[in-house]
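So the structure is just underneath, and the comments pick up after that.
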Amino acid sequence: MKHYNKILKEQVGELDHEILHVENGFKHSYGIPPFIDVSPGTIMRNLASDIFSLQESLHALEHDLLVFEDIKQLKEWLKIVKRSLAAPRDDDMPF
62 MKHYNKILKE
72 QVGELDHEIL
82 HVENGFKHSY
92 GIPPFIDVSP
102 GTIMRNLASD
112 IFSLQESLHA
122 LEHDLLVFED
132 IKQLKEWLKI
142 VKRSLAAPRD
152 DDMPF
């Protein structure tokens with residue numbers, strides 16, 4: 062009986078190692094930090110957050126497309142971008 066328990070414990074250890082390997086691969090593939098526990102709830106929260114961010118980006122792009130339809134607004138926007146690129150940035154100054 063002790064022999065079988067020893068074999069079963071070894072198999073459990075191998076399975077735990079395999080699960081850890083699969084979880085780490087999953088985390089790496091989806092940009093999840095290694096210290097975050099993987100659970101359906103965590104994954105669903107991350108997915109909901111990603112969907113929300115993508116929807117915000119989509120709305121911003123739709124707004125930009127509307128601005129591009131009006132040439133006057135487009136020119137004004139380009140001037141603003143040009144000024145912001147020409148302005149010195151604080152993070153470029155060495156300390």
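All residue numbers for the sequence shown refer to the numbering used here, where the first residue is 62 and numbers rise by one.
By construction, the Cβ of each residue, glycine as well, lies at the ideal position given by its N, Cα and C atoms.
- Query: What span of residues does the alpha helix (DSSP H) with Ile112 cover, start to end?
  - Reply: Pro101 to Glu130
- Item | Tyr65 - DSSP class collapsed to helix/strand/coil | DSSP places Tyr65 within a helical segment (H, G or I) once states are collapsed to three.
- Helix or strand or just coil, what does DSSP make of Phe96? It is coil, neither helix nor strand.
- Query: Roughly how far, in whole angstroms, is the beta-carbon of Glu84 from the beta-carbon of Val99, given that I think they are within contact range, below 8 Å?
  - Reply: So it is a contact: roughly 5 Å between Cβ atoms.
- Residues near Lys88 by beta carbon distance below 8 Å, same chain, minus five either side: Pro94, Pro95, Ile97 and Val99
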